[in-house]
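Count along the sequence shown from 1, add 8, and you get the number used in the working numbering.
A quick write-up on the structure given underneath.
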Amino acid sequence: MKFFIDTANLNEIREAASLGILDGVTTNPSLIAKEGKPFKETILAICNVVDGPVSVEVTATDAGGMCQQARDFTTWHKNVVIKLPTTRDGVKACKCLSDDGIPTNLTLCFSANQALLVAKAGATYVSPFVGRLDDISHVGMDLVRDVVQIYKNYGYKTQVLAASLRHPLHVVEAALAGAHVSTIPFKVLDLMFRHPLTDRGLDQFLKDWEKVKS
Ligand code: G3P
């Protein structure tokens, strides 16, 4: 499973990248706004830290405008992946960009039908939003499971990118479901390392080492 980090915070991205297990980054306008720096400057800084796919979201809502923005974004850096909303226009734009070999990530996916549509349009990634479905009392991970199965049934190449993950168990469940990618908030990535038995065991090993080291 590939690990992307779901943030536009450069310190978090640098720290995650230093672990050596980071494959890419996903951003959205809300994450970039939180950092308080201009959009393009933030994306370029991220691309200089991580040599992997960096999802950059369009803000146009019509297919023509989306494609225009996308073609501009792709000149910024070779690793830019165009994030498009899963709307009619997003699907149209996805088809045009895919036909031209431009990688895409279809975001705000909340149903298996939407995931089918974007696969047919040649999306590189589809992003089912797990946490936001949980928020409205749906089992978000069921969507990931369904989409993985549907894509397998027909051999679609679109990769399932589990998004809106809120806790470490979401990452485990996404892996069990066969999601190709999890995009993980920094706080969740940090929690994935933790186990009290690891801390206790290491503490004991170090104490015992003190007894025998000389
Ligand atoms: O990758 C999508 C993600 O940023 C949305 O997460 O927690 O705002 O639902 P959240």
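Idealized CB from N, CA, C, for every residue including glycine.
Since the structure is predicted, the reported quantities are computational estimates derived from the model, not experimental observations.
Cα-Cα separation, H188 to L173: In a straight line, the C-alpha of H188 is about 14 Å away from that of L173.
If you follow the alpha helix (DSSP H) that Y133 is part of, which residue opens it and which one closes it? Careful: Y133 lies outside any alpha helix (DSSP H), inside the beta strand (DSSP E) at Y133 to P136.
Tell me which residue opens and which closes the beta strand (DSSP E) that F12 is part of. K10 to D14
Going by the CB atoms, is the gap between V126 and T95 shorter than 8 Å? no
Do you know offhand how far S135's Cα is from K221's? 52 Å
CA nearest to the CA of Q77, picked from V147, S145 and C104: C104
If we count the other Cβ atoms within 10 Å of its Cβ and call it buried at 16 or more, is E65 buried or exposed? Taking all protein chains shown into account, E65 has 16 or more neighbouring C-beta atoms within 10 Å of its C-beta and is therefore buried.
Between the C-alpha atoms of D154 and W217, what's the straight-line distance to the nearest angstrom? 50 Å
When the Cα atoms are used, what is the spatial distance from A131 to T112? 5 Å
Pairwise C-alpha distance: A171 and M74: Rounded to whole angstroms, M74 and A171 show a C-alpha spacing of 21 Å.
What is the DSSP secondary structure of K103, reduced to helix, strand or coil? helix
Quick one: residues in its chain with C-beta nearer than 7 Å to the C-beta of A24, no 5 flanking neighbours on either side, listed in chain order? Setting aside the 5 residues that flank it on each side, A24 is surrounded in the same chain by I13, L30, F194 and L197, each with a C-beta closer than 7 Å to its C-beta; the list follows chain order.
In the structure shown, what three-state DSSP assignment does L27 receive? coil
Residue(s) in a DSSP beta bridge with G51: Sequence check: residue 51 is Ile here, not Gly. None, per the DSSP bridge assignment.
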